[in-house]
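Mind the numbering: the sequence shown is residues 5 to 111 in this note's numbering, read in order.
All residues carry an ideal CB built from backbone N, CA and C; glycine is no exception.
The structure presented is a predicted model; accordingly, all values stated were derived computationally and were not measured.
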Amino acid sequence: MITHDIGIDLGTASTLVSLNKQGIIINEPSVVAINKLTGKVLAVGAEARRMIGRTPANIVAVKPLEDGVISDFDSTEAMIRYFIYRVYEEFPKLLKLRKPRVIIGIP
Numbered sequence: 005m006i007t008h009d010i011g012i013d014l015g016t017a018s019t020l021v022s023l024n025k026q027g028i029i030i031n032e033p034s035v036v037a038i039n040k041l042t043g044k045v046l047a048v049g050a051e052a053r054r055m056i057g058r059t060p061a062n063i064v065a066v067k068p069l070e071d072g073v074i075s076d077f078d079s080t081e082a083m084i085r086y087f088i089y090r091v092y093e094e095f096p097k098l099l100k101l102r103k104p105r106v107i108i109g110i111p
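Quick look at the structure:
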C-alpha cells in the first residue's frame with residue numbers, strides 16, 4: 005500500500021510543508037493571529053503576518069517559535085493543525101485512501 009508522508013519543518017521565521025513526490029507545497033511565515041479576548045485563532049501564516057499593525061488591540065500576532073524553541077505550545081499546535089488541513093484541501097485525492105505519516109522537525 006502506498007503511504008503519503010507529510011514533512012513539516014517548523015522554523016522561527018517560516019514553516020515549510022512537503023509531501024512525498026511533490027516537494028515543498030507550503031512555505032509560510034510562522035505567525036499566528038489570536039484574539040486576546042476569546043483566545044480564538046483568527047489567521048495563520050501569511051494572512052496572520054498581513055494583520056500585524058492593522059488590527060484592533062485585542063488581536064495579537066504571535067510567533068510560536070523563538071530562538072529555535074517552541075515558546076507557545078497552543079499557537080504551535082494551531083499552526084500545525086492549519087498546515088495539515090491545508091495539505092488535505094490542496095491534495096484531497098492523494099490523502100483520501102490512507103492516513104499519512106507526519107514528520108515534524110523543529111530547530
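For D78, the first and last residue of its enclosing alpha helix (DSSP H): Indexing the sequence shown from 1 puts residue 78 at position 74. Element bounds for D78: 77-94.
Does the count of Cβ pairs from the stretch 81-95 and the stretch 36-52 closer than 8 Å reach three? By the Cβ rule, the stretch 81-95 counts as touching the stretch 36-52, because three or more pairs are nearer than 8 Å.
Exposed or buried, E32, counting other C-beta atoms within 10 Å across all chains shown (16 or more means buried)? On the sequence shown, residue 32 is found 28 positions in, with the first residue counted as 1. The residue is buried, with at least 16 neighbouring Cβ atoms inside 10 Å.
With burial defined as no fewer than 16 other Cβ atoms inside 10 Å of the residue's Cβ, what is the status of I30: buried or exposed? To locate residue 30, count along the sequence shown from 1; it is residue 26. With 16 or more other Cβ atoms within 10 Å, it is buried.
Enclosing beta strand (DSSP E) for R105 [first to last residue]: Within the sequence shown, the letter at position 101 stands for residue 105. Its beta strand (DSSP E) spans residues 105-109.
Does at least one heavy atom of the ligand NAP sit under 7 Å from the Cβ of Y86? Within the structure as shown, the ligand NAP is missing, as the structure has no ligands at all.
Within 10 angstroms of the Cβ of G49, are there 16 or more other Cβ atoms? Answer buried if so, exposed if not. As a position in the sequence shown, residue 49 is number 45, starting the count at 1. When all chains shown are included, G49 counts as buried.
Quick one: give me the first and last residue of the alpha helix (DSSP H) that A50 is part of. Here the question's residue 50 lines up with position 46 in the sequence shown. 50-55 is the extent of the alpha helix (DSSP H) around A50.
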